[in-house]
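Q:
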Amino acid sequence: MLYVILEAVISALLIAGGLFAFIGSMGLAHLRDFFMRLHGPTKATTLGIGCMLIASMLYFSVTQSELHLQELLITLFLFITAPVSAHLLAKVGLHQRLKFVDKTRGKPVEFLDEDIGGKPLSDSSDSNS
Amino acid sequence: MELLYAITTGVLSASGLYLTLRGRTFPVVVGLTLLSYAVNLFLFSMGGLTSNAPAIIGDSSHYSDPLPQALVLTAIVIGFAMTAFAIILAMRARGDMGNDHVDGRKAEDRGERR
Amino acid sequence: MLDTAVVISGALIALSLLLNLFRLTRGPDMPDRILALDTMYVNSIALILLMGLWMNSKTYFEAALLIALLGFISTVAVCKYLLRGDIIE
Amino acid sequence: MMRLRSWLPTPGLSLLLLIVWLLLVNQVSVGHLLLGGILAIAIPRLTSRFWDRQPTVHKPMKLVLFFLRVVGDIIVANLQVARIILSPWRRSRPHFVEYPLMLEERFTITILASTITLTPGTVSANLRMDGKTLLIHALDVEDDATLIRTIRERYEQPLKEIFEC
Amino acid sequence: MTLLWIPMLTLLGVLVPALTAQRGRPICTLATAALPTLALILTLAQFPAIADGEYPRVALEWMPQLGLDLAFRLDGLSLLFNILILGIGLLILLYAHYYLDKSESHGRFYAYLILFMASMVGIVMADNLLVLWIFWEMTSLSSFLLIGFWSHRSEARKGARMAMTVTGAGGLALLAGFLLLGDIVGSFDMQTVLDSADIILADPRYPLVLVLVLLGAFTKSAQFPFHFWLPHAMAAPTPVSAYLHSATMVKAGIFLMARLHPALAGSELWSALVAVIGITTMVYAAWFALVESDLKGILAFSTVSHLGLITVLLGIGSPMAVLAALFHILNHATFKAALFMCSGIIDHEAGTRDLSRLGKLAKAMPITCLVMSVAGAAMAGFPLFNGFLSKEMFFESTLHTQALGGLSLMLPVLATIGGALSVGYSVRLVHAVFFAEPRHAPPKHPHEPPRLMRAPAELLAALCVAIGLFPALIATWLLAPAVEAVLQAPLEFHLAIWHGFNLPLAMSGAAAAAGITAYVLHRYIRRFIRDFPSRNANLIFEGAVQYISDKAEVITEFFDNGSLQRFMALLIGTALLMGAIGLFQVETLTGPKGNQPLDGVLILGAMLLIFTGIGTAVTHRQRLLSLIMLSVVGLIVSLTFARFSAPDLALTQLSVEVVTMILLMLALFFLPQKTPRESSPSRSLRDVIMCSGLGVVIAALNYAVLTRDTNTISSFFLENSVPGGGGHNAVNVILVDFRGFDTLGEITVLAIAGLAILKLLNRLRLFMPHSDSEGRIWCPDRYPMILTTVSQPVLPLALLVSVFIFLRGHNLPGGGFIAGLITAVGLILIYMARGVDWTQQRLAFPFQPIAILGVGIATLTGFGSWLFGYPFLTSSYDHFHIPLIGDLELATALLFDLGVYLAVVGATLMILANLGKVTTSHRPSKDDSTPIPSGLHRTDISDTANPNPDAKETV
Amino acid sequence: MMSHLIILPVVLPLAAAVILLLARFGAFTRRLLALIATGALLISCVMLVGKASQGEVLYYALGNWQPPFGIVLVLDRLSALMVTVTAILSMGCVIFACGGDDEKGSNFHGLFQLQLMGINGAFLTGDLFNLFVFFEVLLLASYALLVHGGGRDRIQSAVHYVVLNLAGSALFLIAVGMLYGATGTLNMADMARAVSVMDPERNGLVVAGALMLLVVFGLKAAILPLYFWLPRTYASAPAPVAALFAVMTKVGIYAILRVYSLVFGDQAGTLEALEQPWVWWMALATLVIAAIGVLAARDLRLLVAYLVLVSVGTLLAGLGMHSPQATSALLFYLVHTTLVTGGLFLLADMIGLQRGKVGTRLVKGRTPIHATALGLLFLLGAIAVAGLPPLSGALAKALLLAAADGIQRAWLWPPLLIAGLCALVALSRAGSTLFWRSQESDNTDDQLSGWHWAGTAWLLIASPLLVVLAGPLATYTEAAAAQLNDPSAIIQALLPTEEDAP
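Chains as they are written, first to last, in the numbering used here: chain A, 70 to 198; chain B, 317 to 430; chain C, 7 to 95; chain D, 582 to 746; chain E, 11 to 965; chain F, 91 to 592.
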């Protein structure tokens, strides 16, 4: 019985994971501007993978009857890295001054040249470390 | 499955070869890399395609052919070294020649554009 | 049940990959493509995990781990390239 | 204590590495504890040159709480995003928000930025070079003031308490 | 054995002038003369034996595989020639002593001369066809040097090259002829060949052999139509002309015909070829001698003419003719050498050789006049001189031959005409120089040369008279063995100065009369000639050579146009052809094993691969996009490896792919971002077709192999992996143990790549774009803070993972290589996030030693097994049980793997980090200690071209 | 130590390279080490020849894994000869490099040793994939050495050379894969055995693999449609490297000889000598085109490079004749041509150094300072390489011509002899331009050191020595050819159990 429940849980997690990943990718494919598309993969997909990792963890812990927590590592990695990727990508998007849908509110100064490098800057200002 | 695999290998090699025939260094190096991927797939498959039987003794009852795998591993590494050299040679050629044509033609000969 | 779940999940991931590919080819801008590439990396992790489940083997775990690590680094590299041109400066 | 400090300059990192090691080898045995321990001491020492300043956790319990809250928010965030993606007919309201930072430490700012990215409808898009302002792209918000307030209360304050006080 | 000393002593003589050149010319000349004199004495010492009809020979085994023995013989023919070569050679040496200018390098000249002398001695004494050929070609070489001795003169260089080319070509033909001859006879031994005339004549290849050998002989002896080089060889110093181009080298061809006479002459073909060529040459050259106005030119053409005469005699081939030929060789050598010497003296003293500027010299130099008159009379064939005797015999022979069948009657007629012309130019030579009024004044006021300079010519002239008067006494003893050697049978003959009134005498008389008339009328003849356009053989020859090399250049350009695209196309085309040939021999493409079932993920993977693979090619103009496509290919390929049970490969491919990406992007920064559209559509179409062709071949072959089962050696590895290698991961055990040698090579390759790249980057100057391809100025945020912060924990984690991957490699997927790449990538992240300056300060170790150390450790592991008496790289492993910790397996393979790890880390960082350094003040330079101020690199804006392409940089 | 002799030519340079690259020695120490290492290599190679000339095929099982499973190094007369020639050649190159070329860039001596390791490994290995690995070692090392010292021409020709060879490496892998897929083994002797017992249905696969392999080897050997990388590359390489490259084409020729004589020898049934027609006709074509190139060359280095191509055509023609006599002749020719063309590359560099701006271009320039000595060396080299007596070229060529059989003569003799004539014409033109048609100059800037002279002389002296030692050498090559002609001996030596087992 426990196995059936576990199997159900694992299956549910798997499908949920798949769904989330799919939704993330769909967001990537469907949304209208780059900054919006950025949201899909960074969140949904990460969570989707999270679900699958948990499923995998459970599955192996059950089938091989010892605790398998390795997948946590991948989750850890993803959670450390995914936001940074997203952040950098957004930075690139700003830098390249990609178009965004008109209704977006807020006027980031990033689009006003001086901070993301619209014009050449002197060399002295480039180190922030 | 074998057919599909073979077609893939063929397509990848053809694409890689096509790139190696281009006139600029960068596409050529990219082509060589692509070609080496294709070749690795080819070499790998020479031991047959086996699912779910890694050559790790004790894991299962039958194993995939480990020898081509070892060969491909060597080939990957060598391919990497070669690609690295080639691309940096391309850089050097650009630096010395002033353009990135594979024959090092002078910019004025070809009207090089960016 | 589990098999079905794996198949469904696999199909979803496959579809995701196709969508990523769509975005990768479509663009329209470089950041979109890189985002697609990054997502492909992540989806590959899912695919590998599913493969492990399907084959009941933990052999592929490291591959997933490596994709997580290396995919990140490669995305960083491309972003750095687009931002600064020079990756290592 | 001093000796321990010199041997183990970064206990947090070492602990993390030890745990990661055990997770990697997926077994807890004396041998692996020993090996993991050695690595957990050796690697931080090797890499300490590459750290600016290791963060110190002042309130570990709060950190745990913070962590749990973030996990919860992630799930919520995902559901929200899913809804937005799946209902294209619904008008989303994207918004660029400038968020003035209170935090000063690089490490904490990074955690905050990551958290913002992982949580509801927001992506931290750019950190100004002066380190004082964070640009956030929000997928669907009413007005920026609410968003700024939420973030400040939910994440920035706890982080400041945990790391910077 | 003394026989061997004759050529060897002469050959050793080459060194003497080189050693004694510094000691002044007299000593040098004397010393140089010593060894040839000794050789001459040795030769003469053999005379009694030869006179008895035997011939001494010596043979040393040299190269039996080729049938080449160092064999020499001394028979009558050799003796005759040896005496000529050495004797006249010594006289020439004496003459040259005075002839050469003080400033000229006599040592070098003597050395060349002796080298030539030795080669000639070698030719005439060779008792093996190949030995003969070897010396034959050596004469061409040494004559090249001698003709070109006055190298500052253009005509000397050209003449030398022409002589070399013509005689060299003849030599090659001769080689072919000799090889065929040797093949027919079965040996290159001279006597065997001479004894096998019937086999040779019966062989169907005989005509070919004959033509090839005669080509050699004719080119050397300047027979028509190869005569043209000889007059141009007169650009040489006169001693050379006297020696090579009258007495000896040109006689080599004659010698060859005489030598091979027994073997080759017994056919009508021989007579026809040799006699016709000979007579043509004789008349043709004599005509030119008559109208030539250069003193040496006259002598050169007369030489050609006389060589033609001898050739005719050999072509006739009757015993008397042979005798006449040999006699004329002797006579010609004496009078022609004397003539050359005199002309050299005149040239020397009067400063010109132009007949129009010479005249009335009899008063100024009476003795020379006498000598030259005697020699000239001999050449003209006047009675009482030696030339008369052999000429009479020649006329006699032409009358009695049937060599040309019905046309044989032509021979005496043409011979008489030739004789007449000979008289004509001889008379002209003497008269114009010494007695006629010069049309223009000579540049110098001539007087007699030093006594000893005249002496050789005087001696030779005396010989002319002596032989002419007492032929039986002086020449018979020399000629008899020679004739015997040529005919391979003794010949009874008697040389007399008077044979009574007969037809030959009448011919001589007619010739003399006609000749004198011709001289008297020669002004008119010359005027008549002038109406014809003159053709300078030199110009024609040079023109031909120039034409050929121009054509060669065109052809070479056509093939090798310097286009890599063409070379690649050829390579691909060849591979396509070869693969297709194999493919056509595969009867059924699908093998017995057949296909395994497909599933959706596989189809998806294949689709992705195909799509992105083609995408990489299609988008190659947008380079970054192409690169991203490539990276997807890499990702899917590694997934494919994972799918087909190769986790190690998947890991490796992944890490390599990422590193490659970074690398390509690092490089792309310095390259144009877009590729211009250059290929024409037809070119692209051709490329597509060709590549698809090869792609299809590869796919078909792949499919054919995949659908067949093969019995491979792999089962051994699977069985022995655990017991023999101590590891469960068979792939890794193969890498570090079974085929560890491959891996050693592989990491060596990697290390070399690092070193090579260091070389390439060394002082590389590149001009960095200040904006991206869309013209956007780079983002000023060099090191985004969030990235910087996150890179900090990633590095320790990456290190931990690499330790993990490293340690488990032997039993589970992983190993030193992957671990090394992970470490490297972790460090690269730091580089990316922090920059070179920052990282370099903190990274204490240099990369090159790390990489090399890795290779070193791996090598040492290999050496280690020697200590235990095992072959290189023999691994060993053992299990240790340690309390608390449990079973611990230690294998030497792990040490090897450590080497791999270090090599990979070192090499990868060497490549990437050094590449990164290019834009910083740490840029690689040869001595690694001269940082260039960073401002210098940032300022240059241009991305289009290096503004200062001439600035050479060293790598 | 004696039992490990076979591997010394590989590991000695490797160890030397590691030492040279690991520590920061001064120039003197580096040179000393390089000379010692090369000398030791030479000695061990000579010992190997002594061992091999006893007639037995010996092998060295790396890691103590017996063939066909492990990698083996095989010592027979041929491989011993090849490594020895390489060692002699490299000695000259190293000596020459000590004259200053080695300090024009980083790590010359280390890379040079690695290059030697690659070449020797390729000569010794008995494993097809290991051959690939060593090919890559030697190629990459050659790339590195090629760009040593820098300069536009070098970089430019390196681009061509590298790209073509990378594509060649890809083909190599495909070919190796095919052969493995078809025969299931990598050891060449085992492959020969497998081919002989193989189901004929697979012949096509083996043919495809073998012919593709031929393309790869042909590329390395510089056979007709694939040789275009060679002239520019060789002409632009630094002198000691170009000289060493003289043996690189021979690696390709060796590989053809080794693989096809062993795997497709007389035991291979219908597959016997499948490469022969291709090699034969392409070799003749190479010979003709190369001879034309010789005439066309307007630069001494380029001229020598085309002479290398002529030698390639000649050697491959010898291969294409496919008889023991021809093989013996080609080996003799190989020894001669490798050393002499190597020496000529060194000499060309010396001449170029003395002529100022004109360099090695065949135009009027200033007289070299040591015109006499250089001229003498040039004469020596030119005579040898043009195949004129009394030097080794003549004997080698005569041997080769004599080895041709029947109808082969009609095809081989004219191009070979005419190629010789072309070389003669071109070299006499070059020589007279370089040494005779020159203006006097007051140049006293002697850039040649004793090292230069010693290195060049070392190689060129080989030619007269070969004449003196023609008999023994020919005996050796004859025996080597006989050994090659009997692949069963190698198979028997490596896989003895195959015969014993029922």
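The C-beta atom is built at its ideal place from N, Cα and C for all residues, glycine as well.
Keep in mind it's a predicted model, so treat the numbers as computed, not measured.
1) When you compare only the Cα positions, how much space is there between E:THR849 and D:THR628?
2) Quickly, what does DSSP pair E:LYS684 with across the bridge? List them, please.
3) What residue from E:GLY192, E:GLU402, E:ALA471, E:VAL250 has the CA that sits closest to E:ARG215's CA?
4) Measuring straight from C-alpha to C-alpha, what distance separates E:LYS112 and E:TRP160?
5) Using DSSP with H/G/I as helix, E/B as strand and the rest coil, what is E:TYR793?
6) Drop a sphere of 10 angstroms on the beta-carbon of E:HIS450, count the other beta-carbons inside from all chains shown, and report buried for 16 or more, exposed for fewer.
7) When DSSP labels each residue in this structure, what does E:THR849 get in the three-state scheme?
8) Might you give, ordered along the chain, the residues of its own chain that have their beta carbon closer than 8 Å to the beta carbon of E:VAL732, omitting 5 neighbours on each side?
9) Kindly indicate if chain F contains any beta-carbon less than 8 Å away from that of E:MET259.
10) On the three-state DSSP scale, how would you describe E:TYR39?
11) Using a Cβ cut-off of 8 Å (strictly closer), state whether E:VAL846 contacts chain C.
12) Quick one: grab the DSSP three-state call for F:GLN203.
13) Less than 8 Å between the beta carbons of E:CYS379 and E:PHE444, yes or no?
14) Under the DSSP definition of a beta bridge, which residues are partnered with D:PRO681?
15) From A:LEU141 to A:LEU147, what does the alpha carbon distance come to, in whole angstroms?
16) Looking only at C-alpha atoms, which of E:GLU502, E:ALA388, E:PRO459, E:GLY63 sits nearest to E:ALA472?
17) Taking the beta carbon of E:PRO46 as the centre, do at least 16 other beta carbons fall within 10 Å, making it buried, or is it exposed?
18) Run through the region 344–430 of chain E for me and flag every whole alpha helix (DSSP H) of 4 or more residues, listed as ranges in chain order.
19) With a CB to CB cut of under 7 Å and the five nearest residues on each side skipped, what residues in its chain are close to E:ARG818?
20) Against chain F, does E:GLN595 count as a neighbour if the rule is that its beta carbon must be under 8 Å from one of theirs?
21) Once you ignore the five residues that flank E:SER400 on each side, which residues in its own chain have a CB closer than 6 Å to its CB?
22) Could you give the DSSP three-state label for F:PRO577: helix, strand or coil?
23) On a CA-only basis, which of E:GLU406, E:GLU563, E:PHE234 is nearest E:LEU317? Give me that one, please.
24) C:ILE51 touches chain A at which residues, Cβ-Cβ below 9 Å?
25) Between C:MET7 and chain A, is there a C-beta pair that is closer than 8 Å?
26) Just verifying my parser: in three-state terms, what is the DSSP assignment at D:ARG634?
27) Chain C partners of A:THR132, CB-CB under 7 Å?
28) To which residues does DSSP link A:ARG174 through a beta bridge?
A: In terms of the structure at hand:
1) 11 Å
2) E:GLN632
3) E:GLY192
4) 14 Å
5) coil
6) exposed
7) helix
8) HIS738
9) no
10) The displayed chain sequence assigns Thr, not Tyr, to residue 39 of chain E. In this structure, E:THR39 counts as helix in the three-state DSSP scheme.
11) yes
12) helix
13) yes
14) D:THR714
15) 10 Å
16) E:ALA388
17) buried
18) 376–390, 396–410
19) GLY824
20) yes
21) ALA334, PHE337, HIS338, ASN341
22) helix
23) E:PHE234
24) ILE118, MET121, LEU122, ILE143, LEU147
25) yes
26) coil
27) ASN62
28) D:HIS676
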